[in-house]
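So that you can map any letter, position 257 of the sequence shown is 275 in our numbering, and since no number is skipped, the others follow by simple counting. Notes for the one structure printed next.
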Amino acid sequence: MTAPALEVRDATVAYDNGFVAVRGVSLELAEGEIIALLGPSGSGKSTLLRAIAGLERLAGGEIRMRGRRVDDVPTHLRGTGMVFQDGQLFPHRSVARNIGYGLERRGADRARWRERVDEMLRLVGLEGYGGRAVTELSGGQQQRVALARALAPEPQLLLLDEPLSALDRALRERLAGELREILRATATSAIHVTHDQEEAFTVADRIAVLDEGRLEQLGTAGELLSAPASPAVADLLGARARIEATVVARDAAGGTVEIARQRTPVAGLRAEVGETVRLRLR
């Protein structure tokens, strides 16, 4: 049986001042799967990503990649690629030399370097841009270059730390769909950090919702919307209106409640007939 691309087991990240940023998070990422870490500012999602990358030390738990424990493996030996919010491109290098940076570090021969760079330019829709200075590009184009640079060395795992958050809404929505297509086309296993619900739903196969350093729920968009596991998840997904109802029937899918003499089915309802429940509405 093939080991998962990533296993995070009871991971905890704490600092010397006593603050615990990540609290016992566990999750698995299958080969070729994309998981979004979704949560408000301060929820621990970027800290968890940095721990996976080796940029933060674990205070407890472990991280495995393809079955190999990597807690003490240096960042540059973990086989990960990373894309940051601002891209962190080299302004003195051309587009092509930015994309080929990782290949240079690995000592790729010139023919292989050129072939791979050209392949990445086509992949991210920047064919013919190789000779340009990155300072001449738009924000969206720069993030495409950052993505191509991270993918060029064929990382075992791609880590994306809010790579679209600095872009305007319309561009962010378009690039979110393109990002998913690129990751699927390359069969890349990826962890994508975002505070934007719609972006998470567009990019990822599953979404891990974090709040105050804890993993509240991990599931598909449909699972999160139909049955949020906690008030924190419901709030994050926009279900802030609250109403009380009485359970009047149960079935295999959940149950039926009565609100103002109107009966409404509720999927995933766990309460018994006669109980009063508090519902949240989007």
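All C-beta atoms, glycine included, are put in the ideal place defined by N, C-alpha and C.
Quick check: the Cα distance between residue i and residue j, rounded to an integer number of angstroms?
i	j	result
M83	A71	11 angstroms
T65	V251	19 angstroms
A247	R124	45 angstroms
S159	D89	According to the sequence provided, residue 159 is Gln. The question's Ser does not apply to it. Going from the Cα of Q159 to the Cα of D89 covers about 34 angstroms.
V284	I52	29 angstroms
G79	T30	6 angstroms
V152	V163	8 angstroms
A32	G195	35 angstroms
R198	A222	7 angstroms
G149	V135	11 angstroms
R167	P58	28 angstroms
V211	A114	26 angstroms
G157	L242	32 angstroms
E234	A54	13 angstroms
Can you tell me whether residue i is buried or exposed, with buried defined as 16 or more other CB within 10 angstroms of its CB?
i	result
G118	buried
Q105	Here residue 105 turns out to be Gly, not Gln, going by the sequence shown. Buried: at least 16 other Cβ atoms inside 10 Å.
S61	buried
D28	exposed
P92	exposed
D129	Checking the displayed sequence, the identity of residue 129 turns out to be Ala instead of Asp. By the 10 Å Cβ count, A129 comes out exposed.
R14	An answer regarding residue 14 cannot be provided, because it is not within the stretch 19 to 300 covered by the chain.
H94	exposed
L255	buried
V43	buried
H110	exposed
E216	exposed
A203	exposed
A188	exposed
L73	exposed
T206	buried
Per DSSP, what kind of secondary structure is residue i in: helix, strand or coil?
i	result
L67	helix
S244	helix
R288	coil
A32	strand
L185	coil
P92	coil
Q103	coil
D229	strand
V266	strand
T282	strand
G273	strand
V163	helix
R75	coil
Round the Cβ separation of residue i and residue j to the nearest angstrom and send it over; I've been treating them as touching at under 8 angstroms.
i	j	result
L169	L176	7 angstroms
L56	A271	Rounded, the Cβ-Cβ distance is 26 angstroms, inconsistent with contact.
V295	V266	Contact doesn't hold; Cβ gap of about 11 angstroms is too wide.
R68	R232	Going by Cβ atoms, the distance from R68 to R232 rounds to 17 angstroms, so no, they are not a contact pair.
L139	E133	Contact flag wrong, Cβ pair sits at about 11 angstroms.
Q174	T238	Wrong, their Cβ atoms sit about 24 angstroms apart, outside the cutoff.
L45	A226	6 angstroms
Check the DSSP bridge columns for residue i and list the partner residues they point to.
i	result
A203	Its beta-bridge partners do not exist; DSSP assigns none.
E46	E25
A208	I52 and L176
E80	R27
V38	A32
G146	Paired residue(s): none; G146 is not in a bridge.
G237	I225
S112	A151
R87	R82
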